[in-house]
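Only one structure is covered here, and it is reproduced in the block below.
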Amino acid sequence: MSAYRVGFIVMLTLVSIAFVAVLWPFFSAILWAVVFAIIFFPLHARIERAVKGHENLAAGLSVLACLCLVIVPGLVVAISLANQANALFLRIQDGEFDLTDLLRRIENTLPLFIREYLEGVSIEGLDHLRESVSAAAIGSGGFFAGRALSLGQSTLAFLLSFGTMLYLLFFLFRDGRKLAQTIRRAVPLSDDHTRKFAQKFTSVVRATVRGNVIIAIIQGLIGGIAFWFVDLQPAFLWGVAMIILSMLPAVGAMCPSSNDLRLFGLWKNGVSGSVCGLI
3 MSAYRVGFIV
13 MLTLVSIAFV
23 AVLWPFFSAI
33 LWAVVFAIIF
43 FPLHARIERA
53 VKGHENLAAG
63 LSVLACLCLV
73 IVPGLVVAIS
83 LANQANALFL
93 RIQDGEFDLT
103 DLLRRIENTL
113 PLFIREYLEG
123 VSIEGLDHLR
133 ESVSAAAIGS
143 GGFFAGRALS
153 LGQSTLAFLL
163 SFGTMLYLLF
173 FLFRDGRKLA
183 QTIRRAVPLS
193 DDHTRKFAQK
203 FTSVVRATVR
213 GNVIIAIIQG
223 LIGGIAFWFV
233 DLQPAFLWGV
243 AMIILSMLPA
253 VGAMCPSSND
263 LRLFGLWKNG
273 VSGSVCGLI
C-alpha cells in the first residue's frame, strides 16, 4: 500500500472522528428529527399536494403540525409532571405526606425472609433505613436549590437541542427524498438490499410509535382520569407512571394502582388488578 493511500485513510479516519465528535452533542436532536420526519412524512406529502408543490411552505406547515400534535402537548405534560413532583416534595417537607408511614406499610407487606435479610444487611435495622429515606426526601429541596445553576444550563442546552431538531426537521421534510436517494447511492449495498433495509427501518419506527406509544398514552390517560375521579393523588403522576409501565409487557398499566392497593392492605383488589393488567 502506497504512502499516499495510507495517509488518505488516516486523514479520512481523523476527519470522521472529528465529525462524529462535533455532532455527538446533537445526537438526540438528530434522532428525534429523523423519527418525526419518518412518522409525519405521509402527512407532509398530503400537505405538499395541497399547496401545489411549494416545498418551503409545505415543510413549514409540516413542522407546525408536528409542534401542534406532538411536541407542544409533550412539553405541557412534562411541565405538569414537574409541577406535581414538586408539589409532592413540598408535601413531604411540610409533613402532609408521611413517608415514614408509607415505608412502614411497605415493610409490613414484605415476606418475612426479606425483612430478616434487610435487618441483617442494615447495621441499624429498618428503622434507620426509614429515617434515612425520609431525611433524604426532606433534604432534596435544598439539593435542587443548590443545583439551580446546573438546571439553568440544562434548560439552555435543551432549548438549543430543540431548535436544532426543528431546523433539521424542516430540511428533512423539504429535501427528504433527495437526501434518501443520496444515502442510497453512498451505501455500499445493492439497490435492492438498500431499498428493503430502508422500508424495514421505516416500518419498524412507525409500528413502534403508532402501536406501543399511542396505546400506552391511551392507557395512561384512562388510568389518570380514573385516579382523579377516585381522588387518588397525584393522579397525573400516576397516569405518567402507567404510560411508562404499560410499555413493558410483563408489567402492564395496572401495576402502579395495584401496588398502591396492596400497600394499603387491600391485597384482594391489588392482586386482581395485577392479573387484569397482565391479561
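Residue numbers (my numbering): 3 to 281. Heads up, the beta-carbon is just placed ideally off N, CA and C, and yes, glycines get one too.
Assignment of His195 by DSSP, reduced to helix, strand and coil, places it in the helix class. Bounds of the alpha helix (DSSP H) holding Phe38 are Phe29 to Ala52.
Nearest to Ala89 by alpha-carbon distance, out of Leu16, Ala243, Ile245 and Phe238, is Phe238. Contact between the region 157-167 and the region 41-59 is not established, with fewer than three Cβ pairs separated by less than 8 Å. Here Trp34 is near Met167, since their CB atoms are less than 8 Å apart. Residue burial is scored here from C-beta neighbours: Gln183 has fewer than 16 other C-beta atoms within 10 angstroms and is therefore classed as exposed. In the three-state reduction of the DSSP assignment, Pro75 falls in the helix class. Pairing Gly213 with Val242 gives a Cβ-Cβ distance that is not under 8 Å. In this structure, the beta-carbon distance from Phe175 to Ala39 falls below 8 Å. The shortest CA-to-CA distance from Ser82 to any of Leu247, Trp240 and Gly225 is the one to Trp240. At a Cβ-Cβ threshold of 8 Å, Ala61 and Phe172 count as neighbours.
Non-local C-beta neighbours of Val207 in its own chain, meaning closer than 8 Å and more than five positions away in sequence, comprise Val37, Ile40 and Ile41, ordered along the chain. Straight-line measurement puts the Cα of Leu71 at about 14 Å from the Cα of Ile219. DSSP places Asn58 in the uninterrupted alpha helix (DSSP H) bounded by Glu57 to Cys68.
Look at Val189 here: in three-state DSSP terms it is coil, with no helix or strand label.
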